[in-house]
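In full-length UniProt numbering, the protein residues as written are 1 to 116.
The block underneath contains the structure these notes are about, expressed in structure tokens.
Rendered as structure tokens:
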């Protein structure tokens, strides 16, 4: 998810990072073809997160202001059944290791929703 105004320099940077994030995470065998990008820019970031939570995605990645840092950071919202969402950020380079560890041994149902 990105909350920058479409057409702005920030939006362009976030879109580029999101595409790179998608390509990178899609290389993890358990995540291949299970990554969804929410580019409904007419909805607020809050509405997209709520919709993603209701849909039941176990991970939501938000490409926000921290993606403009060096190195870029991505916000991760983790959702476990019957638990409150847990939010934290990781530098982009660490995401592959993080998700490789998280999905090892899973049954492949760990779809990730990246919101643009």
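Virtual Cβ for every residue (Gly too), placed ideally from N, Cα, C.
The Cβ atoms of residue 77 and residue 60 lie closer than 7 Å to each other. Distances from the alpha-carbon of residue 73 to those of 82, 48, 12, 88 put 88 closest. The C-beta of residue 46 has fewer than 16 other C-beta atoms within 10 Å across all chains shown, which makes the residue exposed. In this structure, residue 41 lies away from residue 32, with their beta-carbon atoms at least 7 Å apart.
Non-local C-beta neighbours of residue 99 in its own chain, meaning closer than 7 Å and more than five positions away in sequence, comprise 25, 28, 31, ordered along the chain. By the neighbour-count criterion, in which 16 or more other beta carbons inside 10 Å mark a residue as buried, residue 64 falls on the buried side.
With fewer than 16 neighbouring CB atoms inside 10 Å of its own CB, residue 50 falls in the exposed class. Between residue 23 and residue 102, the alpha-carbon positions lie close to 18 Å from each other.
When 53, 90, 17 are compared, the shortest CA-CA separation from residue 80 is found for 53.
Around the beta carbon of residue 83, fewer than 16 other beta carbons sit within 10 angstroms, so the residue counts as exposed.
The bridge partners DSSP lists for residue 87 are 77.
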